[in-house]
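When the letters of the sequence shown are read in order and numbered with the numbering used here, they come out as residues 5 to 251.
Each residue gets a CB set at the ideal place from its N, CA and C atoms; glycine is no exception.
Predicted, not measured: the structure shown is a model, and the values here were computed from it.
Report on one structure; see the data block that follows.
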Amino acid sequence: MRKYDPEKIVKMEEAGVICSEILRNVLSKVSVGVSLIELDQYAEQLCIDNKVIPAFKGYEGFPATLCTGVNDVVVHGIPDDYVLEDGDVLSVDFGIKYKDVYSDTSYTVIIGEVSDEIKKFVNVVKDATLAGIANAKPGNHVGDIGHAMQEIVEKNGYSVVKEMVGHGIGYDLHEEPYVPGYGRKGKGQELYRGQTLAIEAIVNQGLPDIFISIDDGWTSYTEDGMLSALFEHTIVVDQKPKILTSW
């Protein structure tokens, strides 16, 4: 765990702007008839245009620039030739390396018409993420972040995925501490001013159980086939937590 580093934060602010802009541009292309691989290729070209390195591609052998998840895919989905359809729920996770720092963000988007229940589910996951971020203050603990997210998720009848968690971020893509989307107030590592974290809510509409595809070794799915959604921001711990990425 590294201490307060103003120079790092300035670079991470710059990285967050670029990372967010690329993701927004990718999401602007999401529509019925577009394939996941098209989105991935577009994201990679935007990285080239912005002179940044895709953070995920090549990370422990991951083959793509984006992680994409449609409907019952939880995380780490590899973009393929699947063509988006009306009613799909798509999560997109994206990160970059800029200079010597990283930025990481995720968003879940609805394609076309869906039920009010699905809209509610996606909005709850977004709200849970923001509630977790609001607790990223000096003197609080990792458990305060997780508790805030878990409380909102479970109050609405959904389930936090416990195998996949947020994390510290900075000079490495994944740093200490791990930041679960669940926890108890006052438990876990104490947070300090200037600490940089990737806070994410990974939530299933149904049961929390997941499994990883034996075909690619990466893609995780909900065990019950119900929907999953994901939101994530890179932030700086402070009395008023600063969000470095934007949706």
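- DSSP, reduced to helix, strand and coil, places VAL78 outside both helices and strands of the structure shown, so it counts as coil.
- Scanning its chain for C-beta atoms nearer than 8 angstroms, with the 5 sequence neighbours on each side dropped, one finds around HIS178 the residues HIS171 and GLY172, in chain order.
- Between VAL96 and LEU31, the C-beta gap is smaller than 9 angstroms, which places the two residues in contact.
- Contact check for CYS23 against THR109 passes: the beta carbons are separated by less than 9 angstroms.
- C-alpha of GLU158 to C-alpha of VAL207: approximately 10 angstroms in a straight line.
- The residue among PRO83, VAL56, ILE41 and SER35 with its C-alpha nearest the C-alpha of GLY91 is SER35.
- Every unbroken stretch of the beta strand (DSSP E) spanning 3 or more residues and falling wholly within the stretch 70-118 is given here in chain order: 71-74, 93-102 and 105-114.
- Nearest neighbour of SER217 by Cα position, chosen from LYS191, GLY81, THR249 and GLU18, turns out to be GLY81.
- Counting only the Cα atoms, GLY65 lies some 35 angstroms from GLU155.
- Ranked by Cα distance from TRP222, the first of LEU43, GLU48, CYS71 and CYS51 is CYS71.
- With distances taken between CA atoms, LYS15 lies nearest to GLY174 out of VAL78, GLY174 and GLU117.
- Boundaries of the alpha helix (DSSP H) harbouring ILE26: 10-32, taken from the DSSP string.
- For CYS51, the CB contacts under 8 angstroms within the same chain, skipping 5 residues up- and downstream, are ILE26, ILE57, PRO58, THR69 and ILE100 in chain order.
- Checking the DSSP bridge columns, you'll see GLY170 partnered with VAL183.
- Under the DSSP assignment, PHE125 falls in the alpha helix (DSSP H) whose first and last residues are 120-138.
- Counting only residues of its own chain and dropping the five nearest sequence neighbours on each side, MET168 has a CB closer than 6 angstroms to the CB of VAL79 and ILE206.
- A direct Cα-to-Cα measurement between ASN144 and LYS12 gives close to 22 angstroms.
- Collapsing the DSSP output to three states places GLU204 in a strand.
- Per DSSP, reduced to three states, the secondary structure at ILE218 is coil, with no helix or strand assignment.
- Of the residues PRO67, ASP220 and GLY229, the one whose Cα lies closest to the Cα of LEU211 is GLY229.
- Around the beta carbon of GLN243, fewer than 16 other beta carbons sit within 10 angstroms, so the residue counts as exposed.
- Rounded to whole angstroms, TYR102 and VAL241 show a C-alpha spacing of 20 angstroms.
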